[in-house]
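In the UniProt record's numbering, the protein residues as written are 1 to 498. Glycine included, every Cβ here is placed at the ideal spot set by N, Cα and C. First the structure, in the form of structure tokens, and then the observations on it.
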Amino acid sequence: MGPAMYAMDFAAWRVAVDCDWRVLDVAPQELCMEREVMLSAVIQAGRALSHASEELRGDRAIALAALRGDATALEFVSTQLALDTTFILEAAAQNLRVLEVCDVEHREDRELIRAAIKQNWNALRYASPFLRCDADVCLEAVQQHWRALLHCDEKLWNDREFMLRAIQCRWQAFQFLGPDLREDHALVLEAVRQDAAALDFVGEALRGDAAFMLAAAKYHDVALTKVSPELQEDAAFWKSVVQEIDHGWRLAYVDYGPSSLCDNPEVMLEAVKRNVDVLSFGTKKVRSEPEIVEEAVRRSWKAVEYAANVNAASIIEAVKQDWRAISLYMDHFYQGPTDDLSKLVESNPQIVRDSRLSGNAPVMLKAVRQEGSVLRYATEELRDDDEIVFHAVAQTWRAMEFASMRLKGDEDLVNLAIRQEGLALQHAAPAIRGNARFVMMAMTRNMAAFRFAAKFLHEDTKFWDELVRKFPTAWIRWMRYGRLDVIGLPGFGGLWEL
């Protein structure tokens, strides 16, 4: 430096320091006592604090500014500040390496280290060896980040209680389990419970352990992709999956199980107890097993669709549940006229709703004997069959509605229906509904049958005369239906005058 520099005034020196703190090496000593000058210098480089006066080295703001960029500047901080716990904590908040160079007493101070950890979990790396063995202190760091275990004493990695608490904080912590704990199911499962990704770090022994992998699968379905090759082919394991997981049948047969399960009767039997649709995945041999098919059909008639063979007991059970089962039977198993369908009809007369049975006279006859209303599903030809229709009406008068027009005019048939219920008159042929004898017979059963009588009877004086004499309340109907047409006719004048 030339003589000109030494001739500079203080203002010029201040500008020079603002440009380069190293000017302090040759600057007047008085300049190092100026607070603003030193603050500008330490902001540029922490070690500039070495030029500060003793008083400014104890200035909290200047010291913190110096330590923010260079933790080693702590050696130039006043002794009073360097021993101040609060100051060290404040400095560590902006530069964690301050803990590395601070006095050992600070690194052994439990409360200071805990406070520092709350600010930054990495503070644990600078704690004394004693504190890195402290479970509570270490857990505070682990709660922020599982990598804090890198700074814990390895003795803690073999401490079961500590590692359980650590894993509960962060599942990744289980990667640090000591040799004595790596096969501990409860610890590893705690990690798996939080995230199935934990299984990526599990050893082959655990991935081949049926009990462990089943427990893992209960937390995450995808755990089944991590089973060992041997366990993947273990039918007993998959049977447990089916039995113990609600949707285990789907996991075994749709998502993750081996193809060999499709030919395993024992596993399939358990699967159909949960969902009969799984039967569709079975081989023909399995779908022909009587026990499996019966179990599936007992739970749902729809299982008939998937069965390769259905015995009599199974199809009867299916038909009892829903008549539509007969359609599946007819599609896949019906042998033709030689098949005896009588027991199926007994189970559910509604099976005649299938178009292939609606024209089968023997089947229809048996059906209407049990449930006459199924006559509605009969073909036109069978609705005109005397025997079938008579048996249907004998079972229920409502079957009259579905009889052919010819039979609706059959007096014997109508008489059979009306004896059950007068309202059956509504289904009789017009000629019957115009027959006073049948109308009065129907009204004997149910007065409301009157409304189904032919209209021309309303004008029949003889009919009204007989009606009024036979039924005490017939005059009410006369007032509603016959009065205007019979006023002035012989025999009714008196009533009108009244």
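Residue i in three-state terms, based on DSSP
| i | result |
| --- | --- |
| I245 | coil |
| V310 | coil |
| S240 | helix |
| D277 | helix |
| F333 | coil |
| H145 | coil |
| F492 | Any reading at F492 needs caution, since the residue's pLDDT is 42, under 50, leaving its predicted position unreliable; the model's value is listed next. Correct three-state label for F492: coil. |
| E421 | coil |
| C152 | coil |
| P265 | helix |
| P3 | Reliability of the predicted coordinates at P3 is poor, the pLDDT of 44 falling under 50, and the value obtained from them is presented with this limitation in mind. If DSSP states are grouped into helix, strand and coil, P3 belongs with the helices. |
| V486 | For V486, the pLDDT reaches just 44, beneath the cut-off of 50, and the residue's location in the model is therefore unreliable, although a value from the coordinates is still provided. Helix, per DSSP. |
| S228 | coil |
| C138 | helix |
| residue 517 | Residue 517 lies beyond the residue range present for the chain, which begins at 1 and ends at 498; the question has no answer from this structure. |
| Y256 | coil |
| P290 | helix |
| S128 | coil |
| R469 | helix |
| E108 | coil |
Counted within 10 angstroms of its Cβ, other Cβ atoms place residue i as buried (16 or more) or exposed
| i | result |
| --- | --- |
| M400 | buried |
| Q395 | buried |
| D354 | buried |
| K284 | exposed |
| F130 | exposed |
| W171 | buried |
| P349 | buried |
| E140 | buried |
| R469 | exposed |
| D385 | buried |
| Q232 | buried |
| D277 | buried |
| S280 | exposed |
| A252 | buried |
| N309 | exposed |
| S259 | exposed |
| K343 | exposed |
Which listed residue (the options) has its alpha carbon closest to that of residue i
| i | options | result |
| --- | --- | --- |
| E230 | L206, R250, V389 and K218 | L206 |
| Q426 | R114, L375 and F450 | F450 |
| A296 | I117, R170, G58 and N275 | N275 |
| L67 | P129, I88, A211 and D84 | I88 |
| G434 | R419, E411, A417 and E183 | E411 |
| E421 | L407, M440 and G409 | M440 |
| A135 | Q29, Q119 and L156 | L156 |
| A115 | E105, L214, T85 and A41 | T85 |
| E380 | E371, L407, A197 and L344 | L407 |
| W397 | R383, N415 and G409 | N415 |
| N122 | L261, L149, C102 and D103 | L149 |
| N120 | W146, A252, F174 and R287 | W146 |
| V267 | E294, R298 and D234 | D234 |
| L124 | H151, H106, G178 and D103 | H151 |
| L164 | D153, D180, A191 and E154 | A191 |
Any chain C beta carbon closer than 8 angstroms to residue i
| i | result |
| --- | --- |
| G178 | Protein chains in the displayed structure number just one, and chain C is not present. |
Alpha-carbon to alpha-carbon, residue j and residue i
| i | j | result |
| --- | --- | --- |
| G282 | F452 | 59 angstroms |
| H220 | A61 | 54 angstroms |
| I432 | V319 | 39 angstroms |
| R437 | K455 | 15 angstroms |
| A361 | I388 | 8 angstroms |
| L413 | S373 | 15 angstroms |
| R369 | A428 | 21 angstroms |
| D339 | A312 | 11 angstroms |
| E111 | L49 | 29 angstroms |
| K366 | M405 | 22 angstroms |
| G359 | L269 | 38 angstroms |
| A71 | Q143 | 27 angstroms |
| D485 | E466 | A caution first: D485 carries a pLDDT of 45, below 50, which makes its placement in the model too unreliable to give a value. |
| I292 | C262 | 13 angstroms |
| V242 | A216 | 14 angstroms |
| G491 | R383 | Model confidence at G491 stands at a pLDDT of 43, short of 50, so the residue's coordinates are unreliable; what they give is reported in the following sentence. Approximately 45 angstroms between the Cα atoms of the pair. |
| S44 | A65 | First, the amino acid is wrong: residue 44 is Gln here, not Ser. Their Cα atoms are separated by approximately 9 angstroms. |
| V42 | V98 | 16 angstroms |
| A271 | R419 | 54 angstroms |
| V104 | F162 | 26 angstroms |
| P430 | H391 | 23 angstroms |
| A417 | T444 | 13 angstroms |
| Y334 | D200 | 53 angstroms |
| R483 | L457 | For R483, the predicted structure reports a pLDDT of 46, less than 50, and the residue's modelled location is therefore unreliable. A value from the coordinates is still provided. Rounded to the nearest angstrom, the two C-alpha atoms are 12 angstroms apart. |
ask   = Enumerated in chain order, which unbroken segments of the alpha helix (DSSP H) with a length of 4 residues or greater are wholly contained in the UniProt domain "DUF4116" (35-81)?
value = The UniProt domain "DUF4116" (35-81) contains these whole alpha helix (DSSP H) runs: 35-44, 54-57 and 60-69.
task = Would you mind listing the alpha helix (DSSP H) stretches within the stretch 174-220 that are 4+ residues and don't spill past its ends, in chain order?
result = List check, alpha helix (DSSP H) in window: 185-194, 204-207 and 210-219.
query = What alpha helix (DSSP H) runs, 4 residues minimum, are completely inside the stretch 428-453?
reply = 430-433 and 436-445, all fully within the stretch 428-453.
message = To test your reading of the DSSP string, which unbroken alpha helix (DSSP H) runs of 4 or more residues are found completely within the UniProt domain "DUF4116" (363-408)?
response = The alpha helix (DSSP H) runs of length 4 or more contained entirely in the UniProt domain "DUF4116" (363-408) are, from start to end of the chain, 380-383, 386-395 and 405-408.
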